[in-house]
Structure formats: C-alpha cells, structure tokens
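Novice:
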Amino acid sequence: MTTTTLTRPELTAADRCDRCGAAAQVRAVFPSGGELLFCGHHARAHEDRLREIAAELQKG
C-alpha cells in the first residue's frame, strides 16, 4: 500500500486574501482540510482564533 501526501502549492502573486482581495501572504489550513488565504493584515487580525481552532498557518 502506498500513501500519498498532498502538498499545497506555494502562494503566488495571483493568490488573493479571501477577506479583502489584497495579495495573499498566509494560508490557513483547517483540520477538516479546508483553507482560507489572508493578507498580512487579516492574518494578524485573526491569528489567535485560527490557532484556537488548530488551523495550520503557512506563510508564503
């Protein structure tokens, strides 16, 4: 049996914050597998809550 791990692509200039549309700098990956992209401002604004719900924050 082979196990494959999916990796998420690096953020690019085309990736946008799901909150305001600015350039995305952080990907929040949720335990359920979903994700949201945030600009630096919104990542900092929501960081405490994201950590509370065990989201993995990937800076790109």
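For what it's worth, the working numbering labels the leading residue of the sequence shown as 106, then goes sequentially.
Positions of the beta carbon are idealized from the N, C-alpha and C atoms, including for glycine.
With distances taken Cα to Cα, identify the nearest neighbour of C122 among S137, I158 and H151.
Specialist: Sequence index remark: in the sequence shown, residue 122 carries index 17 (1-based). C122 has its Cα closest to that of H151, out of S137, I158 and H151.
Novice: For L116, collect the residues of the same chain with a Cβ closer than 6 Å to its Cβ; drop the 5 residues on either side in sequence, then sort them by chain order.
Specialist: What you label residue 116 is simply residue 11 of the sequence shown in a count that begins at 1. Correct list, in chain order: A129 and G165.
Novice: So the candidates are A159, I158 and R124; which of them puts its Cα closest to the Cα of H147?
Specialist: As a first step, residue 147 is located in the sequence shown; it is residue number 42 there, counting from the start. Comparing Cα-Cα distances from H147 to each of A159, I158 and R124, the minimum goes to R124.
Novice: So L155 is in the alpha helix (DSSP H); what residue range does that whole segment cover?
Specialist: Working through the sequence shown from its first residue, we reach residue 155 at position 50. G145 to E157 is the extent of the alpha helix (DSSP H) around L155.
Novice: Alpha carbon to alpha carbon, what distance is there between V131 and G145?
Specialist: Position 40 of the sequence shown, counted from the first residue, corresponds to residue 145. Position 26 of the sequence shown, counted from the first residue, corresponds to residue 131. The straight-line gap from Cα to Cα measures roughly 7 Å.
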